[in-house]
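Following: one structure in structure tokens, then a few remarks.
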Amino acid sequence: MSGNGTTPIIEVDGIATRFGRQIVHEEVSFAIEPGTVVALIGASGSGKTVLLKEIIRLLRPTAGRVRLFGEDIWSTDDERQLSRIKNRFGVLFQNGALFSALTVGENVALPLRESMRLPPELVRSVVELRLRLSGLDRDVAAKMPSELSGGMVKRAGLARALALEPELLFLDEPTSGLDSINARAFDSLVRTLSDSLGLTVVLSTHDLETLEGIVDRIIVLGERRVLADGTLSEVRSSDHPWIRSYFSSRSE
Amino acid sequence: MTRPQTHYLTVREEDGKVVLELRDTWRLASLEALAASVEGLCATRPVRNGKKVVLDGSRLEALDTAGAMTALSSVERCGGTLAEVSLTGFDDRHRRIAELVARRLGERGEIPLEPPRLDPLQRVGSVTLRGLRYFVRLVSFLGECLSGLASTMVRPATLRLKECAIQFERVCVDALGIVSLVMLLIGIVVAYLFAAQIEKYGANIFIVDGVSIAMARELSPIIVAIILAGRSGSAFAAQIGSMKLNEEVDAMRVLGLSPLRVLVLPRIVALVLAMPLLTFVGDVVGVLGGMVIADRYLDVSPATFTERLQFAFSTDHLFVGLSKAPVFALFIAVIGCLKGLTVENNTRSVGINTTATVVQSIVCVILLNAGFAVVFQELGI
Chain A
302 MSGNGTTPII EVDGIATRFG RQIVHEEVSF AIEPGTVVAL IGASGSGKTV
352 LLKEIIRLLR PTAGRVRLFG EDIWSTDDER QLSRIKNRFG VLFQNGALFS
402 ALTVGENVAL PLRESMRLPP ELVRSVVELR LRLSGLDRDV AAKMPSELSG
452 GMVKRAGLAR ALALEPELLF LDEPTSGLDS INARAFDSLV RTLSDSLGLT
502 VVLSTHDLET LEGIVDRIIV LGERRVLADG TLSEVRSSDH PWIRSYFSSR
552 SE
Chain B
235 MTRPQTHYLT VREEDGKVVL ELRDTWRLAS LEALAASVEG LCATRPVRNG
285 KKVVLDGSRL EALDTAGAMT ALSSVERCGG TLAEVSLTGF DDRHRRIAEL
335 VARRLGERGE IPLEPPRLDP LQRVGSVTLR GLRYFVRLVS FLGECLSGLA
385 STMVRPATLR LKECAIQFER VCVDALGIVS LVMLLIGIVV AYLFAAQIEK
435 YGANIFIVDG VSIAMARELS PIIVAIILAG RSGSAFAAQI GSMKLNEEVD
485 AMRVLGLSPL RVLVLPRIVA LVLAMPLLTF VGDVVGVLGG MVIADRYLDV
535 SPATFTERLQ FAFSTDHLFV GLSKAPVFAL FIAVIGCLKG LTVENNTRSV
585 GINTTATVVQ SIVCVILLNA GFAVVFQELG I
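Same order as they appear, the protein sequences are chains A and B. If you read the first sequence in our numbering, its first letter stands for residue 302, the second for the next number, and so on. If you read the second sequence in our numbering, its first letter stands for residue 235, the second for the next number, and so on.
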């Protein structure tokens, strides 16, 4: 996947993570090119979510460097530089993490209202656009998050993540808790957005159909390191026992 | 032919088609200026229906979805439709963005971001109805709890003793410190108040009657109830509410456990037992506080104080206070548990219900106390 002169949008360099005496990662390194859809897979407890949190600057790694858009995010505490970086990526949390006190529309409008001054009617039309891009009807905007189904919560979370036109999207288990029809629809939505908008997407998943359907590249985490890294067929042909049982247990 | 121009957008007509040429960067960051250009264009240009509208992106430097939306809105302003718009000169990336947005946007309309506002009359009505419904719910829940307690008395084995003991420790043993401190201070303050008045008549010894009766009949039950409403009632609502939110209450029902038996009754039993005990502690500590003040400011020695106490303080006063305590406890526990069980499926609801528990419990305790005062007065106790 490397090459043709483009600089990686994400560089993870020698990440190590320890919680007390428990070692989660020892030496995790990879780089991600713009415009690709990359999946992080691994057994439960292999530190996928932890790694995502370290990349989006929610959790400080014990050692190692993370560069987003070429900037080392852990070496600076400059609020303005960080918020500039943060406005360039969006995150969909595992359970949506919609603010329960706000309507769906207000949730999507929040990043717009916080980081730029726009007249209300423009905010409204951008919110509608975001909801439409995420495959939601506009009447969802007036609903409270508690009134939404699981699939709609994910879509609303995606709409909020897309609010500021990010170049980079992080999805933590985007299809968990969705039925397979909804999960496939969500997958194709992600792929469409990535193809049309040139979005780079990093997702953690357990869903084999997502891997087969929309992913350009797979990074397998396990045994505290990267076990395999490549396209689906390259990873599938790996002879690591966990990877073999992962694919054989699910595809048959 | 008119040729209105702005920095971002120019219009020309070619072969009976309206061509909108986009220039520069069309991005979210400059959305306001873009929207203004589209507005300005439409103000100077009469809308003519029936003409084909073409978007020309050959001089476009950057485009994102918000920019594409604004560009497409200019098409609609010129009388075109999103379904029939044709794009020329866009590079691949921009064309894909514009096509995606055109496809997804469809017809536009106003979307309400806030929940609809009710007019004042509707609000009064909806608040009243909600209050009435809640009252009915509270009474029926009280009934459920009492019938649950009654059936537990018939078959004591169904009472979850371990849970009762845990709750009792939390609501009673752990509250001893705060209750003693508060009641000691209340006793001292009340004694000061009496001392200042009684001294004028030289009726120093009556400090004993005043402090002991006030503490036992009114102050101790009320203040202990208020402390427990804030301390335990709110905790009941928060604990049960977060369990409800985490679907633990549903899991219990599915496993054949009754939340009433597992969660509610132990808490009620624990609080009903704890309240009289804590009230008694409050009585004793409060009178001790009064004794200290009597000794220091009124020359009533502790020995004289106790002697007078035996003579002046009939146990009726004590029992009046102690008989109110379990009733207060019942209502505090029932309100707390009901508020916990009626938490809605969002995190904010836990906070709202916890606050409501404290407010309603305290109001309820004060109302009940007023009722008791009337009843005891009429009975002459």
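Positions of the beta carbon are idealized from the N, C-alpha and C atoms, including for glycine. Please read all numbers here as calculations on a predicted model, not as lab measurements.
* **Complete runs of the beta strand (DSSP E) confined to the segment 441-515 of chain B [at least 3 residues]** => You should have found no qualifying run.
* Asked: Near Gly371 of chain A, what residues of its chain come up, given a Cβ to Cβ distance below 7 Å and the 5 sequence neighbours on each side ignored?
  -> Thr308
* **Simplified DSSP assignment, three categories, for Leu509 of chain A** => helix
* Asked: Would Ala269 of chain B count as contacting chain A if we go by Cβ distances under 8 Å?
  -> Chain A contact via Cβ: present.
* Nearest-angstrom Cα distance between Arg456 of chain A and Ser435 of chain A? -> 6 Å
* Do Gly397 of chain A and Val577 of chain A come within 8 Å of each other at the CB atom, strictly closer than that value? -> Summary: the structure shown does not reach residue 577 of chain A, with chain A confined to residues 302 through 553, and so no result is reported for it.
* When DSSP builds the beta bridges, which residues end up paired with Lys251 of chain B? -> B:Glu248, B:Lys286
* Which term fits Met235 of chain B, buried or exposed, when burial requires 16 or more other beta carbons within 10 angstroms of its beta carbon? -> Unreliable positioning characterises Met235 of chain B in this predicted model, as indicated by a pLDDT of 38, which lies under 50. The coordinate reading is nonetheless provided below. By the 10 Å Cβ count, Met235 of chain B comes out exposed.
* If you measure from the beta carbon of Arg357 of chain B to each beta carbon in chain A, is any gap under 8 Å? -> no
* Report the residue ranges of all alpha helix (DSSP H) runs contained in full by the segment 322-400 of chain A; include only those spanning at least 4 residues, in chain order. => 349-356, 380-387
* To do: At 8 Å on the CB atoms, spell out the chain B contacts of Pro446 of chain A, in chain order.
  => Asn580
* To do: Report yes if the CB atom of Asp290 of chain B is closer than 8 Å to the CB atom of Gly250 of chain B, and no otherwise.
  => no
* **8 Å Cβ cut-off: residues of chain B touching Glu466 of chain A** => Arg261, Leu262, Asp298, Thr299, Ala300
* Asked: At a CB-CB cut-off below 7 Å, which residues of chain A make contact with Arg542 of chain B?
  -> By Cβ distance, chain A contributes nothing, its closest Cβ being about 58 Å from Arg542 of chain B, past 7 Å.
* How would you call Pro510 of chain B, buried or exposed, if buried means at least 16 neighbouring beta carbons within 10 angstroms? -> So Pro510 of chain B ends up on the buried side.
* To do: Note down, one range per segment and in chain order, each alpha helix (DSSP H) of at least 4 residues found wholly within the segment 464-539 of chain A.
  => 481-498, 509-515, 533-537
* Among A:Leu500, A:Thr511, A:Ala442, A:Leu353, which one has its Cα closest to the Cα of Gly336 of chain A? -> A:Leu500
* Of the listed residues B:Pro500, B:Ser476, B:Val506, B:Leu613, nearest to Thr576 of chain B (C-alpha basis) -> B:Ser476
* Asked: Is Arg327 of chain B close to chain A, meaning its C-beta is less than 8 Å from at least one C-beta of that chain?
  -> So yes, Arg327 of chain B belongs to the interface.
* To do: Using alpha carbons as the reference points, say which of A:Leu528, A:Pro446, A:Arg322 lies closest to Asn580 of chain B.
  => A:Pro446
* Leu419 of chain A and Leu411 of chain A closer than 8 Å at C-beta -> Result no, Cβ atoms of Leu419 of chain A and Leu411 of chain A do not sit closer than 8 Å.
* Between the segment 366-392 of chain A and chain B, which residues of the former have a C-beta closer than 9 Å to a C-beta of the latter? -> none
* Asked: Does the segment 354-368 of chain A come within contact of the segment 312-326 of chain A, defined as at least 3 CB pairs closer than 8 Å?
  -> yes
* Flag this pair as touching only if the segment 488-498 of chain A and the segment 523-533 of chain A have three or more C-beta atom pairs under 8 Å; answer yes or no. => no
* Per DSSP, which one or two residues make a beta bridge with Asp314 of chain A? -> A:Arg366
* Asked: Less than 8 Å separating the beta-carbons of Leu602 of chain B and Val554 of chain B?
  -> no
* So is Pro420 of chain A in contact with chain B if we call contact Cβ pairs under 8 Å? -> yes
* To do: Could you please give the first and the last residue of the uninterrupted alpha helix (DSSP H) stretch that includes Val564 of chain B?
  => Checking the sequence shown, residue 564 of chain B turns out to be Leu, not Val. Leu564 of chain B -> alpha helix (DSSP H) spans 549-575.
* Asked: DSSP beta-bridge partners for Phe320 of chain A?
  -> A:Gln323
* Asked: Measuring CB to CB, does Leu543 of chain B end up less than 8 Å from Ser446 of chain B?
  -> With contacts defined as CB atoms closer than 8 Å, Leu543 of chain B and Ser446 of chain B qualify as a contacting pair.
* By Cβ distance below 7 Å, which residues in the same chain neighbour Ile460 of chain B in space, the five residues on each side in sequence not counted? -> Ile596, Val599
* Asked: Between Arg330 of chain B and Arg433 of chain A, is the Cβ-Cβ spacing less than 8 Å?
  -> no
* Could you pull out every residue in the same chain whose Cβ sits closer than 6 Å to the Cβ of Ala563 of chain B, ignoring the five residues on either side in sequence? => Contacts found: Leu505, Val506, Met509.
* **Enclosing beta strand (DSSP E) for Ile447 of chain A [first to last residue]** => It should be noted that the sequence gives Ser, not Ile, for residue 447 of chain A. Note, Ser447 of chain A: premise wrong, no beta strand (DSSP E); not H, not E.
* Does the beta carbon of Asp517 of chain A come closer than 8 Å to any beta carbon on chain B? -> no
* In the structure shown, what three-state DSSP assignment does Gly377 of chain B receive? -> The three-state secondary structure of Gly377 of chain B, taken from DSSP, is helix.
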